[in-house]
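Step one of this worksheet: look at the structure below.
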Amino acid sequence: MILDIFLQHPWAYLTAALVGLLMTKLLVNKYGNGLNGIPGPALASFTDLWRFLDVYRRRPEVTHIALHEKHGSVVRLGPNTVSISDPAAIQKIYAHNSGYTKSDFYPVQQTINKSGKRLITLFTSQDEKFHSQLRRSVSNAYAMSTLVQFEPFVDSTTTEFFKQLDQRYANQNDILDFGTWLQYYAFDVIGELTYSKRLGFVDHGKDVDNIIGNLEWLLNYAAPVGQLPILDSLLLKNPLRLQLTKWGFTNSSSPVAIFARNRMLARVDPEKLGDMKFDQDNGRRDFLSRFLEANQKDPEFMTNDRVLALTVANMFAGSDTTAITFRAIFYYLMKNPADMKTLMAELAEEEKAGRFTREDGLLSWSEVRDLPFLNAVVKEALRCHPAAGLMLERIVPPRGLEVDGHHIPGGTIVGVNAWVLHRNKDIFGHDADRWRPSRWIEASTEQKRRMENYMFAFGAGSRTCIGKNISLLEMYKMVPALLRRYELEFPSADNTWHLNNAMPPSQSRPGRVDTDVLLAIKPEHLANIISREKNHEYRKYRLKDGVSRLWLYETGSGGGRSSITHIAVIPPNTRHEPGSVPNEPFGIGNEDFNAGLKESKYGYPILELYELANPVTLNEMKTRWGMGGAPMGWQYVASNLWEDRWGEDEERRETVKKLF
Numbered sequence: 016m017i018l019d020i021f022l023q024h025p026w027a028y029l030t031a032a033l034v035g036l037l038m039t040k041l042l043v044n045k046y047g048n049g050l051n052g053i054p055g056p057a058l059a060s061f062t063d064l065w066r067f068l069d070v071y072r073r074r075p076e077v078t079h080i081a082l083h084e085k086h087g088s089v090v091r092l093g094p095n096t097v098s099i100s101d102p103a104a105i106q107k108i109y110a111h112n113s114g115y116t117k118s119d120f121y122p123v124q125q126t127i128n129k130s131g132k133r134l135i136t137l138f139t140s141q142d143e144k145f146h147s148q149l150r151r152s153v154s155n156a157y158a159m160s161t162l163v164q165f166e167p168f169v170d171s172t173t174t175e176f177f178k179q180l181d182q183r184y185a186n187q188n189d190i191l192d193f194g195t196w197l198q199y200y201a202f203d204v205i206g207e208l209t210y211s212k213r214l215g216f217v218d219h220g221k222d223v224d225n226i227i228g229n230l231e232w233l234l235n236y237a238a239p240v241g242q243l244p245i246l247d248s249l250l251l252k253n254p255l256r257l258q259l260t261k262w263g264f265t266n267s268s269s270p271v272a273i274f275a276r277n278r279m280l281a282r283v284d285p286e287k288l289g290d291m292k293f294d295q296d297n298g299r300r301d302f303l304s305r306f307l308e309a310n311q312k313d314p315e316f317m318t319n320d321r322v323l324a325l326t327v328a329n330m331f332a333g334s335d336t337t338a339i340t341f342r343a344i345f346y347y348l349m350k351n352p353a354d355m356k357t358l359m360a361e362l363a364e365e366e367k368a369g370r371f372t373r374e375d376g377l378l379s380w381s382e383v384r385d386l387p388f389l390n391a392v393v394k395e396a397l398r399c400h401p402a403a404g405l406m407l408e409r410i411v412p413p414r415g416l417e418v419d420g421h422h423i424p425g426g427t428i429v430g431v432n433a434w435v436l437h438r439n440k441d442i443f444g445h446d447a448d449r450w451r452p453s454r455w456i457e458a459s460t461e462q463k464r465r466m467e468n469y470m471f472a473f474g475a476g477s478r479t480c481i482g483k484n485i486s487l488l489e490m491y492k493m494v495p496a497l498l499r500r501y502e503l504e505f506p507s508a509d510n511t512w513h514l515n516n517a518m519p520p521s522q523s524r525p526g527r528v529d530t531d532v533l534l535a536i537k538p539e540h541l542a543n544i545i546s547r548e549k550n551h552e553y554r555k556y557r558l559k560d561g562v563s564r565l566w567l568y569e570t571g572s573g574g575g576r577s578s579i580t581h582i583a584v585i586p587p588n589t590r591h592e593p594g595s596v597p598n599e600p601f602g603i604g605n606e607d608f609n610a611g612l613k614e615s616k617y618g619y620p621i622l623e624l625y626e627l628a629n630p631v632t633l634n635e636m637k638t639r640w641g642m643g644g645a646p647m648g649w650q651y652v653a654s655n656l657w658e659d660r661w662g663e664d665e666e667r668r669e670t671v672k673k674l675f
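As structure tokens, then:
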């Protein structure tokens with residue numbers, strides 16, 4: 016009888032069964048992990064989808080700070096995930112031999128080689144024994160005592176960086192997208208340090224082979240997907256895709272991995288040694304040389320794949336993270352002229368005392384490492400704007416964890432977010448939420464030691480970032496050298512940057528192009544422009560002087576996808592008001608505008624129209640180009656998008672097609 020009823024209404028019963036299973040799963044998530052007493056967002060206790068969406072929106076650090084301000088030092092972020100801000104918990108969670116292992120968040124960030132195998136790095140490894148052995152094998156290459164040997168590599172890129180800035184921007188009435196160029200610099204420095212060869216970003220002033228774009232895509236993918244790691248097994252690392260890569264049907268290797276492999280081949284094959292022989296003969300031992308030495312000592316453990324993984328990790332971990340701190344240093348100094356003045360006075364005093372000895376204006380590590388205010392500026396930038404924007408996840412061992420009166424069972428994912436910890440007023444002062452480098456000067460010896468002990472920008476314990484010293488070397492050498500050479504100022508009063516948080520790192524990209532703006536347009540109006548029946552674009556608002564291109568964001572209709580599809584060229588500083596549009600040639604809307612029948616107050620003549628070879632979707636605007644949401648009114652085009660799709664004249668034919 017029951018079978019008969021089921022057969023009569025199978026879908027209804029199957030639906031009911033699925034709903035029942037889903038409800039059971041949600042209830043188990045909320046009540047079955049022993050975390051029901053820990054406060055947090057209600058939805059987060061039922062599903063990890065909450066934190067996936069929070070990270071996908073690219074500002075999770077803002078959410079985490081607000082939640083800890085509301086709920087205290089222990090906050091539930093998922094059915095089995097807890098964020099902790101209690102400083103005392105750091106030693107328990109991240110100490111050597113603590114028993115806390117990395118969660119499944121980290122393998123999501125592993126790249127794939129051409130054989131379809133994962134490249135496991137120090138950062139992404141979950142195996143503590145493997146991590147310890149790998150770190151021991153290469154730790155000497157990152158030691159503070161090795162820094163002096165790396166200075167020539169940094170100086171080489173710095174010299175080229177200044178040369179390019181001199182040629183392109185110095186003493187010219189032009190705007191420098193400083194954030195992008197700092198990323199070019201950081202990438203090329205780590206390229207020199209790793210391979211004795213820059214990747215070419217600084218030399219060419221652009222993203223070579225879309226390496227930076229690829230890295231940003233990967234980070235923007237890994238951050239949200241890492242909150243639901245099972246998605247990675249269905250997407251980038253699904254078994255079919257990996258097998259196809261192994262067979263050679265697809266190539267899942269990143270551009271950085273391809274570059275790294277080519278440099279390895281040049282190094283280990285005598286016939287392909289080329290320019291590398293010069294570097295070795297002159298004693299410039301880069302990271303690759305040191306990794307290959309480790310390979311010779313223990314080839315069974317330090318395999319070629321592991322050498323490749325280490326060099327790729329250098330590029331990924333040592334480029335964007337350092338660039339972020341560079342941006343933070345210069346941004347906060349420019350926003351706070353008094354601090355800029357103090358730092359410049361310190362540098363002038365050192366120069367007056369004859370402590371800067373190089374004729375080329377570059378500085379050595381020994382000359383700058385002990386400058387008090389420079390130290391304070393670097394530390395404050397790392398405190399206010401740590402590169403890692405999410406908590407560093409660990410799994411609680413079976414014994415459990417006691418934090419601030421809460422018992423957290425074994426198997427729970429826990430972690431500390433540097434953005435939260437660095438705003439702890441008990442540690443960093445009542446004004447911990449604002450930039451003030453002088454706190455590091457004014458603090459007592461005990462207070463300064465306490466602040467330094469709880470700096471979390473490079474992590475803590477056995478998993479502290481192995482490249483910390485290299486990053487500091489770059490900052491201490493380049494920042495004062497650049498400030499002694501150039502005067503920096505914002506191009507306009509609108510000098511607030513826009514943040515895009517991934518892990519790693521937390522991206523901050525204030526760059527924009529003041530000659531290009533983004534406008535939304537309906538498909539039917541765009542069609543009239545394409546057919547040349549419409550020769551003016553009418554708007555309620557007055558675009559700023561100097562705007563010469565309109566990037567047209569075609570809104571979806573009938574369920575279609577919205578995207579930037581065309582670029583219209585307009586004459587800069589030219590706008591018509593009602594009654595001033597010429598009668599000839601005829602254009603749709605011109606007569607009504609002249610008669611004052613339109614809401615629009617300004618008309619912009621369209622001189623040329625280009626079609627993008629690859630339209631830019633809304634998702635790409637947000638995740639790859641950091642432009643926020645769809646345009647409301649108008650907004651400036653991000654400089655990195657401008658360089659990718661418009662760029663220099665000789666490259667434009669590959670990215671756009673001129674319609675008229």
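Using my numbering, you'd call the opening residue of the sequence shown number 16 and step up by one each time. Ideal Cβ placement from N, Cα and C applies to all residues, glycine included.
**OP:** Enumerate in chain order the residues of its own chain whose CB-to-CB distance from Phe601 is below 8 Å, with the five nearest sequence positions on each side excluded.
**Re:** none
Original post:
When the distance is taken between beta carbons, is Asn484 closer than 9 Å to Tyr210?
Top reply: The answer is no: Cβ separation not under 9 Å.
Original post:
Does DSSP put Pro102 in a helix, a strand or coil?
Top reply: coil
Subject >> Range of the contiguous beta strand (DSSP E) that encloses Ala628 >> reply: 623-632
Original post:
Does the distance from the CB of Pro54 to the CB of Val77 come in under 9 Å?
Top reply: no
Subject >> Pro537 (DSSP reduced to helix, strand or coil) >> reply: With the sequence shown as reference, residue 537 is identified as Lys, and Pro is not the correct amino acid for it. Lys537 falls in the coil class under three-state DSSP.
**OP:** Could you say which of Leu656, Lys356, Leu208, Leu214 lies nearest to Thr161 if we only look at CA atoms?
**Re:** Leu208
Original post:
Between Asn618 and the rest of its own chain, which residues show a CB-CB distance below 6 Å, the 5 nearest in sequence each way excluded?
Top reply: The sequence given here has Gly at residue 618, not Asn. Here the set comprises His551, Tyr553, His591, Val596, Phe608.
Original post:
Counting Cβ pairs, one atom from each stretch, are 3 or more of them under 8 Å apart for the segment 495-509 and the segment 213-220?
Top reply: no
Original post:
Just checking my contact of Leu436 with Phe471 at CB under 8 Å: how many whole Å lie between their CB atoms?
Top reply: 5 Å
Subject >> Residues near Ala391 by beta carbon distance below 7 Å, same chain, minus five either side >> reply: Pro452, Ser453, Trp455, Ile456
**OP:** Would you mind listing the beta strand (DSSP E) stretches within the segment 378-459 that are 3+ residues and don't spill past its ends, in chain order?
**Re:** 416-418, 421-423, 428-430
**OP:** Would you identify the three-state DSSP class for Asn297, choosing helix, strand or coil?
**Re:** Summary for Asn297: the model assigns pLDDT 46, below 50, so the residue's position carries little reliability; its value from the coordinates is reported in the next sentence. When DSSP states are grouped into helix, strand and coil, Asn297 belongs to the coil group.
**OP:** Work out the CA separation of Asn112 and Leu180 for me, nearest whole Å.
**Re:** 48 Å
Original post:
Could you give the distance in angstroms between the alpha-carbon of Val631 and the alpha-carbon of Pro538?
Top reply: 15 Å
Original post:
Nearest-angstrom Cα distance between Thr372 and Trp380?
Top reply: 12 Å
Original post:
What do you get for Phe675, buried or exposed, if any count of 16 or more other CB atoms within 10 angstroms of its CB means buried?
Top reply: exposed
Original post:
Which same chain residues, not among the five before or five after Thr679, have their C-beta less than 7 Å away from its C-beta?
Top reply: The chain is shown only over 16 to 675; residue 679 falls outside these bounds and no answer can be derived.
Original post:
Touch check for the segment 248-257 and the segment 345-362: three-plus C-beta pairs under 8 Å?
Top reply: no
**OP:** Can you check the segment 125-161 for any beta strand (DSSP E) of at least 3 residues that lies completely inside it and give the ranges in chain order?
**Re:** none
Subject >> Span separating the alpha-carbon of Phe720 from that of Ser334 >> reply: In this structure the chain extends from 16 to 675, so residue 720 is not present and cannot be described.
Original post:
Starting from Leu565 and walking both ways along the beta strand (DSSP E), at which residues does that stretch end?
Top reply: 564-569
**OP:** Identify whether Asp529 lies in helix, strand or coil by the three-state DSSP scheme.
**Re:** strand
Original post:
Along the chain, where does the beta strand (DSSP E) that runs through Asn515 open and close?
Top reply: 514-516
Subject >> Three-state class that DSSP yields for Glu658 in the structure shown >> reply: helix
**OP:** Can you tell me the Cβ-Cβ gap for Pro593 and Pro620, rounded? I've got them flagged as a contact below 8 Å.
**Re:** Incorrect: roughly 15 Å between the Cβ atoms, too far for contact.
**OP:** Specify, as a first and last residue, the run of the alpha helix (DSSP H) that Glu365 falls within.
**Re:** 352-367
**OP:** Pull up the distance between the alpha-carbon of Asp385 and that of Phe168, whole angstroms please.
**Re:** 22 Å
**OP:** Indicate whether Arg499 and Glu374 have their beta-carbon atoms separated by less than 9 Å.
**Re:** Result no, Cβ atoms of Arg499 and Glu374 do not sit closer than 9 Å.
**OP:** Determine the extent of the beta strand (DSSP E) in which His591 is found, giving its start and end residues.
**Re:** Taken as a continuous stretch (DSSP letters only), His591 belongs to no beta strand (DSSP E), as it is neither H nor E.
Original post:
My guess is that Leu405 and Ala238 are in contact by the Cβ rule of under 8 Å, so how many angstroms apart are they, rounded?
Top reply: 7 Å
**OP:** Could you tell me the boundaries of the beta strand (DSSP E) in which Thr580 lies?
**Re:** Start and end: 578-584.
Subject >> Limits of the alpha helix (DSSP H) - the one that Lys261 falls within >> reply: 254-262 is the extent of the alpha helix (DSSP H) around Lys261.
Original post:
In this structure, does DSSP put Leu92 in helix, strand or coil?
Top reply: For Leu92, the three-state secondary structure derived from DSSP is strand.
Subject >> Contacting residues, own chain, Cβ-Cβ under 8 Å from Ile481 (five flanking each side not counted) >> reply: Leu137, Arg150, Val153, Ser154, Tyr157
Subject >> Secondary structure of Glu501, DSSP reduced to three states >> reply: Residue 501 is actually Tyr in this sequence, not Glu. Correct three-state label for Tyr501: coil.
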